[in-house]
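A quick write-up on the structure given underneath.
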Amino acid sequence: MVTISMYGQYINISGRIITEKGTPISKAKVFTSKTNITFTDAQGNYSLSIPKNTNITLEIEHPDFNFVSQPIQASSNDIVLDISLKTLVEKEIPEIIFKGTRKSSDLTAKQIDVQNINKMPSISGGIEEILNTAFVSTADELSSFYRVRGGNYDENLVYLNGVEIYKPLTVRSGQQEGMSIINPNMVSTVNFSAGGFEARYGDKMSSVLDINYRRPKKFESILEASLLGGAATIGFADKNQKFSGIGGIRYRNTDMILNTMNGDTNFNPEYFDAQTFLKYEFNPKWNISFLGIYSSNNFEMVPKTREVEFGTLTHPIKINVAYNGKEKDRYRTLNGTFSLQFKPMHKWIFALDGYAFHSKEKEYYDISSGYLIRDFDTETGEMVPSYNYGGQIDHGRNNLDMFVTGTQLKTQYSITVNSILEAGIKYQNEDIRNLMNQWQLIDSIDYSIPHPISLPGELDSSDLILNNSRNANNKLSSNRLNGYLQYTTKFMWNNTRILINAGIRVSHWDFNGKTDFSPRAQIGIKPNWDIDMLFRFATGFYYQPPFYKEAMRLDGSLNENIKSQRSVHFILGNDYEFTMLKKRPFKLTTEIYYKKLDDLIPYFVDNVRIIYTGENNSKGYAYGIDARLNGEFVPGAESWISVSYGRTKENIDGKGYIPRPTDPKFKVGLFFQDYMKEYPQLKASVNLVYASGLPNGAPLFSDPYKYQTKLSDYKRADVGLTYVFVDQGLNKAKKSSSLKKLKELSLGLEIFNVFDIKNTISNQWIRDINSSLSYAVPNKSTGRFFNVKLNVKF
210 MVTISMYGQY
220 INISGRIITE
230 KGTPISKAKV
240 FTSKTNITFT
250 DAQGNYSLSI
260 PKNTNITLEI
270 EHPDFNFVSQ
280 PIQASSNDIV
290 LDISLKTLVE
300 KEIPEIIFKG
310 TRKSSDLTAK
320 QIDVQNINKM
330 PSISGGIEEI
340 LNTAFVSTAD
350 ELSSFYRVRG
360 GNYDENLVYL
370 NGVEIYKPLT
380 VRSGQQEGMS
390 IINPNMVSTV
400 NFSAGGFEAR
410 YGDKMSSVLD
420 INYRRPKKFE
430 SILEASLLGG
440 AATIGFADKN
450 QKFSGIGGIR
460 YRNTDMILNT
470 MNGDTNFNPE
480 YFDAQTFLKY
490 EFNPKWNISF
500 LGIYSSNNFE
510 MVPKTREVEF
520 GTLTHPIKIN
530 VAYNGKEKDR
540 YRTLNGTFSL
550 QFKPMHKWIF
560 ALDGYAFHSK
570 EKEYYDISSG
580 YLIRDFDTET
590 GEMVPSYNYG
600 GQIDHGRNNL
610 DMFVTGTQLK
620 TQYSITVNSI
630 LEAGIKYQNE
640 DIRNLMNQWQ
650 LIDSIDYSIP
660 HPISLPGELD
670 SSDLILNNSR
680 NANNKLSSNR
690 LNGYLQYTTK
700 FMWNNTRILI
710 NAGIRVSHWD
720 FNGKTDFSPR
730 AQIGIKPNWD
740 IDMLFRFATG
750 FYYQPPFYKE
760 AMRLDGSLNE
770 NIKSQRSVHF
780 ILGNDYEFTM
790 LKKRPFKLTT
800 EIYYKKLDDL
810 IPYFVDNVRI
820 IYTGENNSKG
830 YAYGIDARLN
840 GEFVPGAESW
850 ISVSYGRTKE
860 NIDGKGYIPR
870 PTDPKFKVGL
880 FFQDYMKEYP
890 QLKASVNLVY
900 ASGLPNGAPL
910 FSDPYKYQTK
920 LSDYKRADVG
930 LTYVFVDQGL
940 NKAKKSSSLK
950 KLKELSLGLE
960 IFNVFDIKNT
970 ISNQWIRDIN
980 SSLSYAVPNK
990 STGRFFNVKL
1000 NVKF
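Counting in our numbering, the sequence shown runs without a single skipped number right up to 1003 at its last residue.
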């Protein structure tokens, strides 16, 4: 095809850039010089002006295809030229990981299918409950806090789109927290590592949860409604796929489920958040994105009465409590991240992030209680008259304002297709202001507990002595600087595939003037056997620089000499992939771990709040084994069962080793999906968890060596039943149907805590009139609850 040009001294060269199979290639760079450049559109079309009657070279560049240089002899007529590109092929050894099992290069990372997240019944509305059946132990069904291999809730890293995110510091229970910060309807990928992770990840002692929000390719919307609240998500993209975005709002009120707990209490819990992720590509080399999150939690509680039976078979106890007062908490958080990415060539990637997190937290409560403790006659079962009564007053006026800002630069260079060098540097400023005034008074008639013994000339016994108190008026502005460098390579050793990752992190905090060096390494070995196995080993030094709450002593003062806690990881793992049950795919993952712990900061657990002593006066260790079998027990539906055993102990001030408050012991988790062959629209999912009881913890500010009993074992079962009316992959609506525009329409029934087992999540410690006995009164979890859930996708 030849046409006559109307451009005077120039002619036009145009055409399509396609693959060898004829598929159009978009965003390919087409140029003849540094100034004469264009890019192909979504259909692969390009157009350039070139001088008449000259010899030029037309060049085409795309990161996924081989470079092409095409000589052109221009005449006086326009030229139409289609060019096909070959897929970029370099000499590459086979992957040592399995297709579809892991997108992260981290050998310790386990990828979680996002589809399974949305199928699991969840109270908190996040992804943490699916983690609980496989890798972690959750603190409370209402909370997104979780424990990993004996570590506490503060030892876990959470990344969202490559930036570490923070949670409110003063949350004491899942009732206050409301819902997870992660919106599951916006998630693209989820990777989780329980230890031995790469140097590019930050400085925590236990785990990494790495989440990325997705980028829609066209308009989409999701609407959800249930008895617990609702959610709406909208995504879009322009026709050239340059500008795209996704946003969601969620509202949750857990009043109905909180009323399944023991006692008569008025609750008013309201939780709301709004999130958005926007991305714009200027060209194949430059793009910019923004992630914004706003969340608001309002929690109000007015307790009235409570009746609890506890104790043992030989010594049953009953306590009746009457309350006066209320608790009112408010949490407001803002997260914002701007990211700029630059790809000068297919081997180089640069990313610059600027981020900010602001949290304003208020926890106000004044609650007085009077209680009567009664014993039972073990022979008759009748209550025995008792004078074991007392009272308690809890007061709190806690305000915290936390503002964290920072910037980080990360780069990745592909030396070869099998070798990658990564580096990064981050600066962060923290401005924290905390005004705290909380105390507890235990009272009985005319004296407080603990009460002094009056001697002549000493303190009068009528003076009130607080059981415990904590006051602070702290202002902390500090700076952190950290960076990392790591190298990953894979190669063949005879017929064995090898992957090695090695790196180092360096971090510095100007508050204590300490600098930590954290070398880390991983190796993966995949023998050329008939059976499909991958062996993994990971080790490294994992420092956890103290944050504000770790640096605060029990009296509220800050310890300027506080040091980073350290954990040295040794992890040996094996992945075995095989087929069974009519050749369906399965995978067995096993890991044995040992962690040496130094410079630990002892802590107390108050429900889900960690209260540190502010001193590095402990050391310890953790060891255990985790095993997980996942696969298609039912065709087309992934399920799994996990089993783990572990112990963690510490030695405080050289007094001897005792279990840490988060000592895990034994746990079994199950996630199972099923459907009926005759009625594939009806689907079911079940998650079961059994875990050994945690150490019940010492009363706040007491000697942990005097309290070495444990909570009851944790047992829970949740079931979800869903009927799918419309599903594009199952039964598309007919053209004449009013539902033809829907991608999916489903109605579900969620049964939380099917067997109505009231698990003990913590203890409230009280004393009787004699002040010589302390009673651990169990705080129970929520009971059975039926939730109806409607899901619509457009």
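C-beta atoms are modelled at their ideal positions from N, C-alpha and C, and glycine is treated no differently. Predicted model, so just to flag it, every value in this text is computed and none were measured.
Anyone know if the C-beta pair for G833 and A760 falls short of 8 Å? In the sequence shown, counting from the first residue as 1, residue 833 sits at position 624. In the sequence shown, counting from the first residue as 1, residue 760 sits at position 551. Not in contact: G833 and A760 (Cβ atoms no closer than 8 Å).
Per-residue DSSP class, three states only, for P525: Position 316 of the sequence shown holds residue 525. Three-state result, P525: strand.
So for G383, helix, strand or coil by DSSP? In the sequence shown, residue 383 corresponds to position 174, counting from 1. Here G383 sits in helix by DSSP.
Rounded to the nearest angstrom, how far is the Cβ of Y752 from that of D725, given a contact under 8 Å? As a position in the sequence shown, residue 752 is number 543, starting the count at 1. As a position in the sequence shown, residue 725 is number 516, starting the count at 1. Sure, about 4 Å apart at Cβ, within 8 Å.
Using alpha carbons as the reference points, say which of T347, G371, Q621 and V372 lies closest to G360. For this step, residue 360 is matched to residue 151 along the sequence shown. Comparing Cα positions, the closest option is T347.
At what residues does the beta strand (DSSP E) containing N254 begin and finish? Stepping through the sequence shown from its first residue, residue 254 is reached at position 45. Element bounds for N254: N254 to P260.
Distance check for V239 and T342, CA to CA, integer angstroms please. Numbered from 1 along the sequence shown, position 133 holds the residue referred to as residue 342. Numbered from 1 along the sequence shown, position 30 holds the residue referred to as residue 239. Each residue's Cα considered, the two are about 51 Å apart.
Rounded separation between N913 and P868 - CA only: On the sequence shown, position 704 is the one that residue 913 refers to. On the sequence shown, position 659 is the one that residue 868 refers to. The amino acid at residue 913 is misidentified as Asn; the sequence shows Pro. Spanning the two alpha carbons is a distance of roughly 10 Å.
Should F880 go down as buried or exposed, given a rule of 16 or more other Cβ atoms within 10 Å for buried? Position 671 of the sequence shown holds residue 880. Looking at its Cβ environment, which holds 16 or more other Cβ atoms inside 10 Å, F880 is buried.
Y656 (DSSP reduced to helix, strand or coil): Taking the first residue of the sequence shown as 1, we reach residue 656 at position 447. Interpretation of Y656 is limited by its pLDDT of 48, a score under 50 that renders its predicted location unreliable; no figure is taken from the coordinates.
Check whether the stretch 371-380 and the stretch 424-441 touch, using three or more Cβ-Cβ pairs below 8 Å as the test. no
Reducing DSSP to helix, strand and coil, say where M395 ends up. As a working mapping, residue 395 is identified with position 186 in the sequence shown. Looking at M395 - three-state DSSP - the assignment turns out to be helix.
Give me, in chain order, the residues of the same chain whose beta-carbon lies closer than 8 Å to that of I629; leave out the 5 immediate sequence neighbours on both sides. Position 420 of the sequence shown, counted from the first residue, corresponds to residue 629. Here the set comprises S314, Q621, Y622, S623, Y696, T697 and T698.
Ranges of the beta strand (DSSP E) found wholly within the stretch 809-847, counting only runs of at least 3: Runs found: 812-815, 818-821 and 827-843.
Go ahead and pull the three-state DSSP assignment for N688. Start at 1 with the first residue of the sequence shown, and residue 688 comes out as number 479. Of the three classes helix, strand and coil, the one that applies to N688 here is strand, per DSSP.
Using the Cα positions of Q649 and G906, report the straight-line distance between them to the nearest angstrom. Within the sequence shown, the letter at position 440 stands for residue 649. Within the sequence shown, the letter at position 697 stands for residue 906. About 18 Å.
Which of helix, strand or coil does DSSP assign to K915? On the sequence shown, position 706 is the one that residue 915 refers to. DSSP places K915 in helix when its eight states are reduced to three.
What did DSSP end up calling I326 once you bin it into helix, strand or coil? For this step, residue 326 is matched to residue 117 along the sequence shown. Three-state DSSP puts I326 in a helix.
Excluding sequence positions up to five away, which residues of its chain have a Cβ less than 6 Å from the Cβ of S776? One-based indexing of the sequence shown puts residue 776 at position 567. Here the set comprises M414, Y751, K804 and L806.
Within 10 angstroms of the Cβ of F818, are there 16 or more other Cβ atoms? Answer buried if so, exposed if not. Position 609 of the sequence shown, counted from the start, is the residue given in the question as residue 818. One detail in the question is off: residue 818 reads as Arg in this sequence, not Phe. Buried, since its Cβ has 16 or more Cβ neighbours within 10 Å.
On the CB-based measure, 16 or more other CB atoms within 10 Å of its CB, does R714 come out buried or exposed? Mapped onto the sequence shown, residue 714 falls at position 505. Buried, by the Cβ-count rule.
May I ask whether a heavy atom of the ligand COA can be found less than 7 Å away from the beta carbon of Y219? Of ligands this structure carries none, so the ligand COA is not represented either.
With DSSP as the reference, label R225 as helix, strand or coil. As a first step, residue 225 must be located in the sequence shown, where it is residue number 16. Three-state DSSP puts R225 in a strand.
Boundaries of the alpha helix (DSSP H) in which N341 is found, first to last residue: What you label residue 341 is simply residue 132 of the sequence shown in a count that begins at 1. Unbroken alpha helix (DSSP H) run through N341: E337 to N341.
Exposure label - V1001; buried when at least 16 CB within 10 Å: What you label residue 1001 is simply residue 792 of the sequence shown in a count that begins at 1. Buried, because 16 or more other Cβ atoms sit within 10 Å of the Cβ of V1001.
Through-space distance from R689 to N618, alpha-carbon basis: Translated into the one-based positions of the sequence shown, residue 618 becomes position 409. Translated into the one-based positions of the sequence shown, residue 689 becomes position 480. According to the sequence displayed, residue 618 carries Leu and not Asn. When rounded, the distance between both Cα atoms is 14 Å.
Three-state secondary structure assigned by DSSP to K791: Translated into positions along the sequence shown, residue 791 becomes position 582. The answer is coil: DSSP assigns K791 none of H, G, I, E or B.
Please determine if the stretch 568-587 and the stretch 597-614 are in contact, where contact requires at least 3 C-beta pairs separated by less than 8 Å. For the pair of segments examined, the stretch 568-587 was found to touch the stretch 597-614: the number of CB pairs separated by less than 8 Å reaches three.
Please report the residue range of the beta strand (DSSP E) in which I960 lies. Walking along the sequence shown from the start, residue 960 turns up at place 751. Taken as a continuous stretch (DSSP letters only), the beta strand (DSSP E) holding I960 covers E953 to F961.
Quick check: the Cα distance between I227 and V417, rounded to an integer number of angstroms? Mapped onto the sequence shown, residue 227 falls at position 18. Mapped onto the sequence shown, residue 417 falls at position 208. Going from the Cα of I227 to the Cα of V417 covers about 41 Å.
So, with DSSP's three-state summary, where would you put L806? As a first step, residue 806 must be located in the sequence shown, where it is residue number 597. Correct three-state label for L806: strand.
Smallest Cα separation from F452: which of A441, F486 and A434? Along the sequence shown, read from residue 1 onward, the residue named residue 452 stands at position 243. Minimum Cα distance to F452 is reached at F486.
Go through its chain and collect everything with a Cβ distance to F700's Cβ below 6 Å, but skip five positions before and after it. As a position in the sequence shown, residue 700 is number 491, starting the count at 1. Once the five neighbours on either side are set aside, the close Cβ partners of F700 are I707.
Assigned secondary structure, E350 (DSSP; H/G/I helix, E/B strand, else coil): Working through the sequence shown from its first residue, we reach residue 350 at position 141. Reduced to three states, the DSSP call for E350 is coil.
Where E338 and R356 are concerned, what is the direct C-alpha to C-alpha distance, given to the nearest angstrom? Walking along the sequence shown from the start, residue 338 turns up at place 129. Walking along the sequence shown from the start, residue 356 turns up at place 147. Taking the straight line joining both Cα atoms gives about 12 Å.
Run of the beta strand (DSSP E) containing Y984, from where it starts to where it stops: Translated into the one-based positions of the sequence shown, residue 984 becomes position 775. Looking at the DSSP string, the run of the beta strand (DSSP E) that includes Y984 is S983 to K989.
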